[in-house]
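In my numbering, the protein residues as written are 633 to 980.
Just so it is clear, CB atoms sit at the ideal spot from N, CA and C, and this is done for glycine as well.
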């Protein structure tokens, strides 16, 4: 077991290094870096404020060149690319993710500021998705071919087919001060007077703000798990050991929960770590934008648009590392749940 874990950890190194290297190389060829964007914004601001627009062309060019050199030195772009690359790797080994160009804050600090939104959306989306999809999938498997199975399949596929942002727009129009009702808020996780509320009122206010975003995210995420649960249970129900158990006189409940349940839940249980972490860090940018939720999805998008390379590379490093660790945990959990799988065979 330990040799397999060590082998997997060693394989994480080239995977993580490859992701960082490819991203760093691509960044070098992307036009309009942070220095150029800042200079363009500065020129636009000077012209908009009625700043000096006259003067010799040569003097203006020399001033721009001097400013460009100062900005490159400030952001570290005066160094060759290979020096910046190895300096980045050295800092990442010490879990120093750098400092944001746009926000002038540590990347760690920015991520921690956005985590409450991502944790709120991710945690409740994950819990609600599994609490709904697993029991529903079991019921659909037990009642396969019935009217209940057909009707619920239609609703599940309909919810999966509607994009989250489209559903969000409909919910805003109907329930959040659009054309019809004004029942739910549209901004943030809490109200402005949240600190003055009692704890029961705070909890109610928190879920009041989360209701519409969670509906958008849950409807699109639980369909796959529901159908996977149903198909896995149906496959197990048709196996020979189930027929033998029923022939011995066991009741439907005993066969379902003592024999089928464990084997059928193996794909779901082993997918828990990846789904749990994915719900946190794979937040929906459009949902966050629609409901004015400042989370990691919006942070990553703005970092790419604004060429905030420390945020791009730092978040990529952190999320890739977490993803690799979660994949290892999923493999270990699979072996723990299913005794038929051995580490020696998994490692081949």
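- Task: Compare the C-alpha of residue 945 against each of 633, 655 and 754 and name the closest.
- Result: Against the chain shown, residue 945 aligns to sequence position 313. It is 655 whose Cα lies nearest to the Cα of residue 945.
- Item | Between the CA atoms of residue 943 and residue 730 - distance to the nearest angstrom | As a first step, residue 730 must be located in the chain shown, where it is residue number 98. As a first step, residue 943 must be located in the chain shown, where it is residue number 311. If I take the Cα positions, the gap works out to 8 Å.
- Message: Less than 8 Å between C-beta atoms, sequence neighbours within five positions excluded: which residues of the same chain meet that for residue 855?
- Response: Translated into the one-based positions of the chain shown, residue 855 becomes position 223. These residues qualify, in order along the chain: 765, 788, 789, 791 and 792.
- Rounded to a whole number of angstroms, what is the C-alpha to C-alpha distance between residue 778 and residue 784? In the chain shown, residue 778 corresponds to position 146, counting from 1. In the chain shown, residue 784 corresponds to position 152, counting from 1. C-alpha separation (whole angstroms): 10 Å.
- Task: Closer than 6 Å by C-beta to residue 740: which residues in its own chain qualify, once you throw out the five before and the five after it? Chain order, please.
- Result: Position 108 of the chain shown, counted from the start, is the residue given in the question as residue 740. For residue 740, where only same-chain residues beyond five positions count, the Cβ hits under 6 Å are 729.
- Which of helix, strand or coil does DSSP assign to residue 819? For this step, residue 819 is matched to residue 187 along the chain shown. Coil, per DSSP.
- Task: Measuring alpha carbon to alpha carbon, tell me which of 926, 898 and 640 ends up nearest residue 968.
- Result: As a working note, residue 968 is residue 336 in the chain shown. Nearest C-alpha to residue 968: 898.
- Task: Give every residue of the same chain whose Cβ lies closer than 8 Å to the Cβ of residue 846, excluding the five residues on either side of it in the sequence, and list them in chain order.
- Result: Position 214 of the chain shown holds residue 846. Counting only Cβ-Cβ distances below 8 Å, and skipping sequence neighbours, we find 753, 756, 757 and 760.
- Message: Suppose you measure from the CA of residue 826 to the CA of residue 820; what does that come to, to the nearest Å?
- Response: As a position in the chain shown, residue 826 is number 194, starting the count at 1. As a position in the chain shown, residue 820 is number 188, starting the count at 1. Between residue 826 and residue 820, the C-alpha separation is close to 11 Å.
- Message: I'd like to confirm the pairing. Which residues does DSSP put opposite residue 808 in its beta bridges?
- Response: What you label residue 808 is simply residue 176 of the chain shown in a count that begins at 1. According to DSSP, which records beta bridges pairwise, residue 808 is partnered with 814.
- Separation of residue 876 from residue 870, as counted between CA atoms: What you label residue 870 is simply residue 238 of the chain shown in a count that begins at 1. What you label residue 876 is simply residue 244 of the chain shown in a count that begins at 1. Going by the C-alpha atoms only, they are around 11 Å apart.
- Item | residue 667 and residue 709 closer than 8 Å at C-beta | Counting from 1 along the chain shown, the entry for residue 667 is found at position 35. Counting from 1 along the chain shown, the entry for residue 709 is found at position 77. A contact, by the Cβ cut-off of 8 Å.
- Identify whether residue 731 lies in helix, strand or coil by the three-state DSSP scheme. In the chain shown, the residue the question calls residue 731 occupies position 99. Three-state DSSP puts residue 731 in a strand.
- First through last residue of the alpha helix (DSSP H) which encompasses residue 794: Here residue 794 refers to the residue found at position 162 of the chain shown. Where residue 794 is concerned, there is no enclosing alpha helix (DSSP H), given that its DSSP letter is neither H nor E.
- Item | Where residue 738 sits in the DSSP three-state scheme | Locating residue 738 in the chain shown gives position 106, where the first residue counts as 1. The answer is strand: DSSP assigns residue 738 an E or B state.
- Give a yes or no on whether the minimum CB-CB distance between residue 798 and chain B is below 8 Å. Of the protein chains in this structure there is only one, and it is not chain B.
- Output yes or no for whether 8 Å exceeds the beta carbon distance between residue 862 and residue 722. For the purposes of this step, residue 862 is identified with residue 230 of the chain shown, where counting begins at 1. For the purposes of this step, residue 722 is identified with residue 90 of the chain shown, where counting begins at 1. No, the pair does not count as a contact, with Cβ atoms beyond the cut-off.
- Query: Who are the Cβ neighbours of residue 769 in its own chain at under 6 Å, not counting the five residues just before and after it?
  - Reply: Stepping through the chain shown from its first residue, residue 769 is reached at position 137. So the list reads 858, 861 and 862, once near-sequence residues are dropped.
- Smallest Cα separation from residue 924: which of 823, 872 and 888? Counting from one through the chain shown, the residue named residue 924 turns up at place 292. The candidate whose alpha carbon is nearest that of residue 924 is 823.
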